[in-house]
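Down below is the structure, laid out as structure tokens.
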Amino acid sequence: MKNHIFDLDGTIICSKHRQKLKPNGDLDLDDWKANSARYHKVMSDTLLPLSRLWRAIQVSTPPAICTSRVITHLEFDFLEKHGLRYNSFMHRDFNDWTGDAEYKVNHIRRHLDETGWEASQTTLYDDHPGVREAVKRELGLKIFNPIPFNTRAQAPPELRLVC
């Protein structure tokens, strides 16, 4: 069985209007915690083209989510509103300041141990190059960079969503 783990921001969801990044590509957690959890901001996020793959996958095996963001009930509402189902949701605790790559390696490792998912049968979809490199190196997962898929110029107009 193939298993899938999706990041949210920049991979499935465009939330740039409420996101500030550090120079290394990590989410600026101070800014995120202070400014991003507002209903109108979360509901103004948009889906990226890769969300269609998620919808196709969830029919047989709902994917897992691993995001570096601190979440609220609004993110659950957003996913439900858009029909995106999942089997587990790895997200940051409010007081967790771990770097994105280390955070995701630790949580995905724990997820693999708890679910019995084999790394060789699991694909991570993540827009952060540092996360992709660390997860591949440390855990051996298959890696998919969503940026070219989400931004390809040949895509039909409705898929040309640049985040």
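One point on numbering: in numbering that gives the first Met the number 0, the residue at position 92 of the sequence shown is 91, and numbering is uninterrupted.
Built from N, CA and C at the ideal position, the CB exists for glycine as well.
query                                                                                     : result
Alpha helix (DSSP H) segment containing T10, residue limits                               : Taken as a continuous stretch (DSSP letters only), T10 belongs to no alpha helix (DSSP H), as it is neither H nor E.
Span of the beta strand (DSSP E), counted from its first residue to its last, around M69  : Looking at the sequence itself, residue 69 is Val, so the reference to Met does not match. That run of the beta strand (DSSP E) goes A63 to V69.
Cβ separation of A63 and I11, assumed to be a contact under 8 Å, to the nearest whole Å   : Not quite, the Cβ-Cβ distance comes to about 12 Å (not below 8 Å), so this is no contact.
M89 - partner residues in DSSP beta bridges                                               : C65
Pick from K19, E137 and V69 that is closest to D95, judged by C-alpha positions           : V69
Exposed unless 16 or more other CB atoms sit within 10 angstroms - verdict on E74         : buried
Straight-line gap, N149 to L123 (C-alpha atoms, nearest Å)                                : 15 Å
Local conformation of T97 per DSSP, three classes                                         : coil
Backbone secondary structure at Q18 - three-state DSSP                                    : coil
The stretch 118 to 138 / the stretch 20 to 33 touching (three or more Cβ pairs under 8 Å) : yes
Distance CB(D6)-CB(D125) smaller than 8 Å                                                 : yes
CA nearest to the CA of R84, picked from T71, V104, D99 and V58                           : V58
Span separating the alpha-carbon of K21 from that of N144                                 : 20 Å
Nearest-angstrom Cα separation, counted from K135 out to S119                             : 10 Å
Beta carbon of N34 nearer than 8 Å to that of R54                                         : no
Cα-Cα separation between H106 and D30, rounded to whole angstroms                         : 23 Å
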